[in-house]
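Working notes for the structure below.
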Amino acid sequence: MVSTKILIRMARKWQKLAAIGRRRITSSLVDKGHFVIYTIDQKRFVIPLAYLRNTIFVELLKMS
């Protein structure tokens with residue numbers, strides 16, 4: 002069993018690492034009728050909502 006102190010220490014460490022990994026995005030607003038997808042490599046894509054009617058696009062989102 003892991004002690005409470007060690008768990009708290011590990012949680013704080015991961016919070017610090019997560020904060021370091023975050024980047025500020027200059028434009029957080031999205032035009033009406035669009036949504037944002039963030040990739041694991043910190044890229045940001047603005048996609049029209051109309052794409053959600055495309056079954057191929059929806060399947061790709063489910064796979065990701």
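Anchor point for the sequence shown: position 38 equals 39 in the numbering used here, and the numbering is continuous, going up by one each time.
Backbone N, C-alpha and C define an ideal beta-carbon position, used for all residues, glycine too.
For Ile48 against Ile38, the beta-carbon gap comes to about 6 Å, under 8 Å, which counts as contact. Met11 and Thr5 have their alpha carbons spaced roughly 10 Å apart. Excluding residues up to 5 positions away in sequence, nothing lies with its Cβ nearer than 7 Å to the Cβ of Glu60 in the same chain.
Residue range Thr56 to Met64 is occupied by the alpha helix (DSSP H) that includes Val59.
By DSSP's assignment, Tyr39 forms a beta bridge with Arg45.
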